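Trainee:
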Amino acid sequence: MTDFDAIYRASKDPWSVHTAWYEQRKRDLVLASLAQPRYTAALELGCGIGQITAPLASRCHVVHAVDMSPTAIQRCRERLHAQSIANVALQVMTVPQAWPLHPGESVDLVIVSELAYYLPPEPFEQLLQQCFHSLSAGGQWVMCHYTPDFDDRQQATLALHEAVHRLDGLVRCVAHEDRQFRLDVWHKSKEPRS
Numbered sequence: 001m002t003d004f005d006a007i008y009r010a011s012k013d014p015w016s017v018h019t020a021w022y023e024q025r026k027r028d029l030v031l032a033s034l035a036q037p038r039y040t041a042a043l044e045l046g047c048g049i050g051q052i053t054a055p056l057a058s059r060c061h062v063v064h065a066v067d068m069s070p071t072a073i074q075r076c077r078e079r080l081h082a083q084s085i086a087n088v089a090l091q092v093m094t095v096p097q098a099w100p101l102h103p104g105e106s107v108d109l110v111i112v113s114e115l116a117y118y119l120p121p122e123p124f125e126q127l128l129q130q131c132f133h134s135l136s137a138g139g140q141w142v143m144c145h146y147t148p149d150f151d152d153r154q155q156a157t158l159a160l161h162e163a164v165h166r167l168d169g170l171v172r173c174v175a176h177e178d179r180q181f182r183l184d185v186w187h188k189s190k191e192p193r194s
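Read in order, the letters of the sequence shown are residues 1 to 194 in the UniProt record's numbering.
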């Protein structure tokens, strides 16, 4: 897998999340796609330096934010501290091999952004199952991924999002696709689809 920590050590903002229009627009659309004004607990996988984490924290009682890069997590921690945001639990870990929630613990919002396409099929399937079982009934699951091809991509964005859509018990409530990214949001129903 890509050495994300080396990328973050080489640049303070390797994907220009603070300056690129693509990143600003994507962040705003992700946040606008959330149906609830407030969430009890959110799980953000691949949080990076906190582009979505910081504004998300204002809408959640607690945010569990995870990234595999210690450097990215440290920058995210500094950003949150500078904004006096204290309701984010940051963890350095590689998902799905490790999981940030305890068995039986659930969240009412899962965000997977710019992460899943780095996973080969088997780890991606494991990620799907872990996200699904961590999401409480009535919760929302957000997937947002860049659509053009690039060297480190393991799977196509559309295939990843359609795999989530096929899970029994999820109902798609938002679907956006343009030339740069795909954004989907699903609601976890209390009853499986018939």
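We put the CB at the ideal spot given by N, CA and C, even for glycine. This structure is a prediction, so every number in the text was calculated from the model and none was measured.
(1) Answer with buried or exposed for G48, where buried requires no fewer than 16 other C-beta atoms within 10 angstroms of its C-beta.
(2) Among H187, W15 and W99, whose alpha-carbon lies nearest the alpha-carbon of G50?
(3) For K190, name the three-state secondary structure that DSSP assigns.
(4) Would H112 and V66 be called neighbours here (beta carbons separated by less than 8 Å)?
(5) Below 7 Å CB to CB, which residues in the same chain sit around I85 once its five sequence neighbours on both sides are set aside?
(6) Could you give the distance in angstroms between the alpha-carbon of G139 and the alpha-carbon of E125?
(7) Below 8 Å between beta carbons: does that hold for K26 and F150?
(8) Answer yes or no: do I73 and V88 have a C-beta to C-beta separation smaller than 8 Å?
(9) Using C-beta distances below 7 Å, list every residue in its chain close to S106, excluding the 5 sequence neighbours before and after it, in chain order.
(10) Could you name each continuous alpha helix (DSSP H) segment of 4 residues or more that falls completely within the stretch 100-165, going from the start of the chain to the end?
(11) Mind checking if C60 is an interface residue toward chain D, Cβ cutoff 8 Å exclusive?
Mentor: Concretely, from the data shown:
(1) Burial call: buried.
(2) W15
(3) coil
(4) Here residue 112 is Val; the residue named in the question, His, does not match the sequence. Taking C-beta atoms as the reference points, V112 and V66 fail to come closer than 8 Å.
(5) A54 and A57
(6) 20 Å
(7) no
(8) no
(9) S134, L135 and S136
(10) 121-134 and 157-165
(11) Within the model displayed, chain D is absent; a lone protein chain is all it includes.
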